[in-house]
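Residue numbers (UniProt numbering): 1 to 438. Here's the structure, in structure tokens; my notes come after.
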Amino acid sequence: MKQTLEFDLSNEPPKDGILQIVVGKKVVKEAWELEIERRTRLRTARHARTESAQSSGAGSVAGENRVASPVKERWEVDAEQGLLTEGAKRRMRAAAAAQAAADLSRPSSSSLATPQKSQPAKESWEIDAEQGLLTAGGRRRARAQAALAAAASGTVISAESTPLSSPTTATHVSSADALSSPQYYDSSAKSLTLPPSLPPSRILHSRSFSLAPKISPSNSAELSLAIPTPTLPLATIISQSFSETLKTLILSQRRMDPSFSLPTGQNGPFLPHLEELRLDNCNLNNSIPICSDGTDGDFTTARTSVPLLPTIARLFPSLRILDLSYNNLTSPALTEDVLSEIILASSAESPTPRRMGLRQLLLRGNRITDVDAFQSVAKLFKGHKGKSDVETFKLEELDLRDNEIGKLSAELGLLPLDVLLVDGNVDEDRVAHYALIS
């Protein structure tokens, strides 16, 4: 049997006796694709008939021969735009969102016509750099210029309180205004707390010496500089309106100038209602320099040195609490007469201002080696059962910790104290035997 092979390409159906072999994959279309092709052919045929009818009836009225355009269905529009699948719809939505964002970010024609440039805000260091205030020398020169400008205009100026960003302006705060500031005076508690002051820690060179307080730049710098340097600036305190009602005076760590400033020609007493005085860590000795009003901070002026404890008893007879912890007091300062004057209350018949008598005496961290004077006071209680038998003795707490006391006499136990603290001394085991804590 012979066969003849022909490799002709033809879309016609095969004739009888001819076997047609189709090479390749048969394309199977889905129903919607076939429907689209069918409807497309129908539209094409209708358009062809419409065009032929219009060309043949050119002389007729245009309104009569006009054929309405066929209305497309929703799926036909989606098919033309390629939106029949979910992936195509997502891509179309993403493209629309990107186009909307681009339209919003694009500047309008009005803004392009009148552009507005914002002035960049400068930081503090940039302002200081423009004014030459980045170095300590530049700041000193700025303060000097401000002082000269103030002197020329007759204005008093404080060098450290001059703002670095505006060296030509300055304000003056008096000592009275500083003490009455709510930062230091508590009107509800009738308490006055002065800021600590320390001497210079070290000298950088022969001309580097300043008694200015080491304070951080803040709003309180000017107030701190306005306060006199003596540990107890009494001349300034009694000039305040609250001095007659002041109850608490805290002068902790005021070590720059360990002295008392008193009004000229006055020896006290002062502050009639003062009950609590704290002078802890003030570098005080057995004697204290006294300077008169108007010589504060003038180290060339001669000062009078007087015993510390009798001076406190004379200046503040109404004291109930006295804190002298962490100073340089020694045993010679604690004589029997001194303790009687500062601890015992005075009688009503006394010609001097009546003393109320201390309730707390805090002497921790000093250089006391013996307490013989306290033993002399304790002898007053021989034959008595309690503190009520001696009306002038009001002391309730005595703190002698961290001193150099070697021994205590048994007579010290006669003192009717509520608290006696003696730990941290030389012979701690022997001294602790007398510690009475209730």
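Backbone N, C-alpha and C fix where the C-beta goes; we use that ideal spot for every residue, glycine too. These numbers come from a predicted model, not from an experiment.
DSSP on residue i, reduced to helix/strand/coil?
i, result
"P307", "strand"
"E51", "helix"
"Q253", "coil"
"S153", "helix"
"T335", "coil"
"L420", "strand"
"L19", "coil"
"R278", "strand"
"T4", "coil"
"T330", "strand"
"A170", "Note that A170 scores 39 on pLDDT, short of 50, meaning its location in the model is unreliable and no value can be drawn from it."
"D402", "coil"
"S175", "helix"
"L225", "helix"
"I127", "helix"
"S10", "coil"
"D293", "coil"
"T135", "coil"
"I36", "helix"
"L322", "strand"
"L234", "helix"
"T44", "helix"
"L148", "helix"
"E397", "strand"
"L412", "helix"
"I192", "Reading the sequence as shown, one finds Leu at residue 192 and not Ile. Strand, per DSSP."
"L104", "helix"
"L284", "coil"
"L262", "strand"
Verify whether the separation of the beta carbon atoms of residue i and residue j is less than 7 Å.
i, j, result
"R255", "N283", "yes"
"A373", "T335", "yes"
"V338", "P310", "yes"
"L395", "I343", "yes"
"D402", "G424", "yes"
"S175", "T245", "no"
"L249", "L179", "no"
"L308", "L361", "no"
"L324", "L271", "no"
"V419", "E397", "yes"
"L194", "L277", "no"
"N281", "Q253", "yes"
"G365", "Y326", "yes"
"E341", "T369", "no"
"K190", "K122", "no"
Please classify residue i as buried or exposed, where buried requires at least 16 other C-beta atoms within 10 Å of its C-beta.
i, result
"V371", "buried"
"R355", "buried"
"L148", "exposed"
"G132", "exposed"
"A41", "Before going further, note that residue 41 is Arg rather than Ala in the sequence given. Flag for R41 reads exposed."
"A142", "buried"
"N11", "exposed"
"S224", "buried"
"S216", "Legend: pLDDT at S216 = 49, less than 50; position of this residue unreliable, no value from coordinates given."
"G406", "exposed"
"F7", "exposed"
Give the C-beta separation of residue i and residue j to the nearest angstrom, bearing in mind that I take them to be a contact with Cβ-Cβ under 8 Å.
i, j, result
"S261", "P233", "5 Å"
"I238", "S259", "About 16 Å; that fails the 8 Å criterion."
"G268", "R314", "6 Å"
"A378", "L414", "4 Å"
"I312", "R303", "Their Cβ separation, rounded to whole angstroms, is 17 Å, which puts I312 and R303 out of contact at 8 Å."
"A79", "I36", "6 Å"
"P230", "D186", "About 22 Å; that fails the 8 Å criterion."
"M92", "L104", "Not a contact, Cβ separation roughly 19 Å."
Could you tell me whether any non-hydrogen atom of the ligand ZN is closer than 6 Å to the CB of residue i?
i, result
"N328", "The ligand ZN is not part of this structure, which contains no ligands at all."
Going along the chain, which unbroken runs of the beta strand (DSSP E) with 3 or more residues stay wholly within the segment 338-381?
360-362
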